[in-house]
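Below is one structure, written out as structure tokens; the observations come after it.
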Amino acid sequence: MTTPHPDNVSPARSPRDVPTQRACLRCKVPFQSEGFGERVCPRCKGSAIWKSGSPPRGDGGRQR
Ligand SMILES: [Zn+2]
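So the working numbering is basically just the index in the sequence shown, starting at one, shifted up by 175.
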């Protein structure tokens, strides 16, 4: 029996913002997304440079 958690359901939340399976934007591999904001699988997040708010910077490769 699956009992839905009433506390987890919020009217302010978007209907799409629900934990479901999504394809990773990096490796295109379907993974269990926690919400709409979760677009990258945890594997890519851990291995690749994925810091929200901090754009990837070159290691001094390009200067000017
Ligand atoms: Zn991935």
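A virtual CB, placed ideally from N, CA and C, is assigned to each residue, including glycine.
It should be emphasised that the depicted structure is a prediction, and the values quoted were computed from it without experimental measurement.
Looking only at Thr178, Arg197, Arg201, the smallest Cα-Cα distance to Cys219 is reached by Arg201. Per DSSP, the unbroken alpha helix (DSSP H) holding Pro217 starts and ends at 217–222. Around Gln196, the same chain offers Pro205, Phe206, Gln207, Ser208 as residues with beta carbons nearer than 8 Å, after the five sequence neighbours per side are excluded. For Ala187, no beta strand (DSSP E) encloses it, and the DSSP letter there is neither H nor E. When secondary structure is reduced to three states using DSSP, Phe211 falls in the coil class, being assigned neither helix nor strand.
Separation of Glu213 and Ala187 (C-alpha to C-alpha, rounded to the nearest whole angstrom) is 18 Å. Here the alpha carbon of Cys216 sits roughly 21 Å from the alpha carbon of Ser189.
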